[in-house]
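The next block holds one structure in the form of structure tokens; read it before the comments.
Numbering (UniProt numbering), first residue to last: 1 to 138.
Rendered as structure tokens:
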């Protein structure tokens, strides 16, 4: 993609496919030139999920768009809290906070994920489990 976009659809960006789900970054330095925020759509099929992980030094917000999930967050004292999440739920994760997300429903779980700055999305793209699928509108 040679031109930076101001209006972006999921068909304008690559899909990163993993064994646990798919990511489509709508705002990141490669798509919009953004240096202050990264956001994208996470798609998890029934039974799929992203195991416990964190993003060192980075806050993350997750907004549930579609489906039913189970969200785990790990507190500073090491205790965990797990809740069912559904459309309209916002999960606010502190810098480096460990978390996991699983689709526990019968349909697709779709999430808007937002990082406070670029970096975590590039690490995911470099993951050996990642297969990059070109944009539909290329």
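From the three backbone atoms N, C-alpha and C, an ideal C-beta is built for every residue, glycine too.
Cβ-based neighbour list, residue 58, same chain, cut-off 8 Å, excluding 5 preceding and 5 following: Mapped onto the chain shown, residue 58 falls at position 58. Hits under 8 Å: 95, 96, 115, 116, 117, 119 and 120.
For the pair the region 9–23 and the region 125–132, tell me if three or more CB-CB distances fall below 8 Å. Yes, since at least three Cβ pairs between the region 9–23 and the region 125–132 fall closer than 8 Å, the two stretches touch.
Quick one: what does DSSP say residue 4 is sitting in, helix, strand or coil? For the purposes of this step, residue 4 is taken as the residue at position 4 of the chain shown. DSSP, read as helix, strand or coil, puts residue 4 in coil.
CB-CB length for residue 103 against residue 44, believed under 8 Å: Working through the chain shown from its first residue, we reach residue 103 at position 103. Working through the chain shown from its first residue, we reach residue 44 at position 44. Yes, residue 103 and residue 44 are in contact; Cβ-Cβ is about 4 Å, under 8 Å.
Nearest-angstrom Cα distance between residue 60 and residue 7? The sequence position of residue 60 within the chain shown is 60, counting from 1. The sequence position of residue 7 within the chain shown is 7, counting from 1. If I take the Cα positions, the gap works out to 22 Å.
With a threshold of 16 other CB atoms inside 10 Å of the CB of residue 138, please say whether the residue is buried or exposed. Within the chain shown, numbered from 1, the residue matching residue 138 stands at position 138. Exposed, because fewer than 16 other Cβ atoms sit within 10 Å of the Cβ of residue 138.
Given a cut-off of 8 Å, decide if residue 126 and residue 40 are closer than it, judged by their beta-carbon atoms. Along the chain shown, one-based indexing puts residue 40 at 40. Along the chain shown, one-based indexing puts residue 126 at 126. Not closer than 8 Å, so no.
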